[in-house]
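Engineer:
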Amino acid sequence: MIPNTNYGKLKDSYLFSEVARRVAEYSKAHPEKEIIKMGIGDVTLPLCTAVVEAMKKAAEDMGKAETFHGYGPEQGYDFLREKIKAYYAENNVELDLNEIFISDGAKSDLGNILDILGKDNTVLIPDPVYPVYVDTNVMDGRNIIYADANESNGFLPMPDEKVKADIIYICSPNNPTVDVYNIEQLKEWVDYATANNSLILFDSAYESFVADKSLPRSIFEVEGAKKCAIEFCSLSKTAGFTGTRCGYTVVSNELVYDGMKLNKLWLRRQTTKFNGVSYIVQKAAEAVFTPEGRKQIAENIMYYRENARIITNTLGEIGIQYYGGINSPYIWLKCPDDMDSWAFFDKLLTTAGVIGTPGAGFGKNGEKYFRLTAFSSKENTQKAMLKFKELFSAK
Ligand code: PLP
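Structure below.
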């Protein structure tokens, strides 16, 4: 038996495990110290009542013979897909129901989609970015090239005709660098992909945080994108589903490479390897798209936006350079005193008890940067910002 030796090429520790390890070590040595978590991108507000009520009702359905649900359609129930179709239609994106696939979250689909893409493709991945794109491609042994996202390009790398890639990852709003591509910029990527027979994997996990109405929330708002892009979306940050697990992926019927329809391949992959998301969770997800659910999740997003405002106001006051907090739940800051991002992590942890995420963990261009999240409670956000003021105001 030969194992998948590509696993040997993965970097030793996943970013968040290293963060957790350092925090555990510090807490063990200083059990009396309070720790404020502003690192991992998990939400803190509970599920909204519309979702909870739908879940309860669905659980009741499962307990009665007349409304019990066994195996469902692998690609998701129509009641939820109809809602998602209508959601896209609000931004003038027309989807066929069979183009929408429900899953247990964007992370699974981002990894699983690689099953239907050849291993000889060259992959272009922005740096810094959500680490899953790199690791899942390393596992498959694909050739990876990087697109630098830094201050010189406003953290939004653009296509370069000299660089040839078959698969292109775009995350907008990006995690961790917070910026959002506008329609014209996305159009350049779509044109590049069309001209080069490439495929764009577009991650819109943070679309609901885009406050600026002129910015796109979906790549399908760009003409021609249905012929060259797959979109991944998640209810994790939109509706607090990080622990409930539900997302959706749009694989258009117009994606044809080497005469093969990717929609057909993905359907085949999902029906073979996946048995669908539970009825209860899909009912909960359906409630997210009802008027009541929409209103309630908008209130939660406003709560996180207010946290972001508290963070950016403080950073502005104490003269730390930052990006984001408006169209993204993250704040990307430049480490003061030209500090390395892990050195800044250790300093914040040991002097202020605040945990953030070192930019270097997202790629080499993240070095000397740091990510803070607006997903904490307001109280903890305020506490953390007081600590920042104490530490850095003198500068
Ligand atoms: N995509 C990005 C850019 C993320 O930051 C995350 C989670 O943090 C995900 C996808 C994963 O989403 P899900 O919880 O739906 O798996």
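Just so we're aligned, residue 1 is where the sequence shown starts under our numbering, counting upward by one.
Don't be surprised by glycine CBs; every beta carbon is placed ideally from N, CA and C.
Since the model is a prediction, treat every value here as computed from it, not as a measurement.
To which residues of the same chain is residue 230 closer than 6 Å at the C-beta, ignoring the five residues directly before and after it?
Structural biologist: Same-chain partners within the cutoff: 201, 251.
Engineer: So what's residue 34 in DSSP terms, helix, strand or just coil?
Structural biologist: The answer is coil: DSSP assigns residue 34 none of H, G, I, E or B.
Engineer: Please return the same chain residues whose Cβ sits closer than 8 Å to the Cβ of residue 8, not counting the five positions on each side in sequence.
Structural biologist: Contacts found: none.
Engineer: Please look up how many angstroms separate the CB atoms of residue 366 and residue 128, rounded, as I've assumed it's under 8 Å.
Structural biologist: Right, their Cβ atoms sit about 4 Å apart.
Engineer: What residues in its chain sit with their C-beta under 6 Å from that of residue 396, if we drop five residues either side in the sequence?
Structural biologist: An answer regarding residue 396 cannot be provided, because it is not within the stretch 1 to 395 covered by the chain.
Engineer: Which residue marks the beginning of the beta strand (DSSP E) containing residue 126, and which one marks its end?
Structural biologist: 122 to 127 is the extent of the beta strand (DSSP E) around residue 126.
Engineer: Is any non-hydrogen atom of ligand 1 found closer than 8 Å to the C-beta of residue 252, if you look at the structure I gave you?
Structural biologist: No - ligand 1 has no heavy atom lying nearer than 8 Å to the Cβ of residue 252.
Engineer: What residue range does the alpha helix (DSSP H) around residue 311 cover?
Structural biologist: Its alpha helix (DSSP H) spans residues 291 to 318.
Engineer: For residue 276, collect the residues of the same chain with a Cβ closer than 6 Å to its Cβ; drop the 5 residues on either side in sequence, then sort them by chain order.
Structural biologist: Here the set comprises 72, 74.
Engineer: Please determine whether the Cβ atom of residue 124 lies at a distance below 8 Å from any heavy atom of ligand 1.
Structural biologist: The answer is no for residue 124.
Engineer: From residue 194 to residue 101, what does the alpha carbon distance come to, in whole angstroms?
Structural biologist: Looking at the two C-alpha atoms, the distance is approximately 24 Å.
Engineer: How far does the beta strand (DSSP E) with residue 370 in it extend, from its first residue to its last?
Structural biologist: Counting along the chain, the beta strand (DSSP E) containing residue 370 begins and ends at 369 to 373.
Engineer: Could you check which residue in 359, 340, 319 has the C-alpha nearest to that of residue 332?
Structural biologist: For the residues 359, 340, 319, the minimum Cα distance to residue 332 belongs to 359.
Engineer: Strictly by DSSP, which residues pair up with residue 232?
Structural biologist: Paired residues: 203, 249.
Engineer: Secondary structure at residue 336, three-state DSSP: helix, strand or coil?
Structural biologist: Three-state DSSP puts residue 336 in a helix.
Engineer: Can the beta-carbon of residue 141 be found less than 9 Å from the beta-carbon of residue 6?
Structural biologist: In this structure, residue 6 lies closer than 9 Å to residue 141 by Cβ.
Engineer: So, does the region 42 to 50 touch the region 236 to 244, judging by three or more C-beta pairs under 8 Å?
Structural biologist: Counting Cβ pairs under 8 Å, three or more are found: they touch.
Engineer: Considering only the alpha carbon of each residue, which of 12, 37, 221 lies closest to residue 354?
Structural biologist: Residue 37 is the option with its Cα nearest to residue 354.
Engineer: Output needed for residue 69: all residues of its chain with C-beta closer than 8 Å, excluding positions within five of it in sequence on either side, in chain order.
Structural biologist: Same-chain partners within the cutoff: 61, 62, 279.
Engineer: Considering only heavy atoms of ligand 1, does any lie closer than 8 Å to the CB of residue 429?
Structural biologist: It is not possible to answer for residue 429, since the shown part of the chain is limited to 1 through 395.
Engineer: Just verifying my parser: in three-state terms, what is the DSSP assignment at residue 150?
Structural biologist: Three-state DSSP puts residue 150 in coil, outside helix and strand.
Engineer: Please look up how many angstroms separate the CB atoms of residue 134 and residue 357, rounded, as I've assumed it's under 8 Å.
Structural biologist: That pair is no contact at about 16 Å.
Engineer: Could you check if residue 372 is buried or exposed, using at least 16 other CB atoms within 10 Å of its CB as the buried criterion?
Structural biologist: Flag for residue 372 reads buried.
Engineer: Flag this pair as touching only if the region 300 to 316 and the region 152 to 163 have three or more C-beta atom pairs under 8 Å; answer yes or no.
Structural biologist: No contact exists between the region 300 to 316 and the region 152 to 163.
Engineer: Straight-line CA distance for residue 148 to residue 126?
Structural biologist: Distance between the alpha carbons of residue 148 and residue 126: 6 Å.
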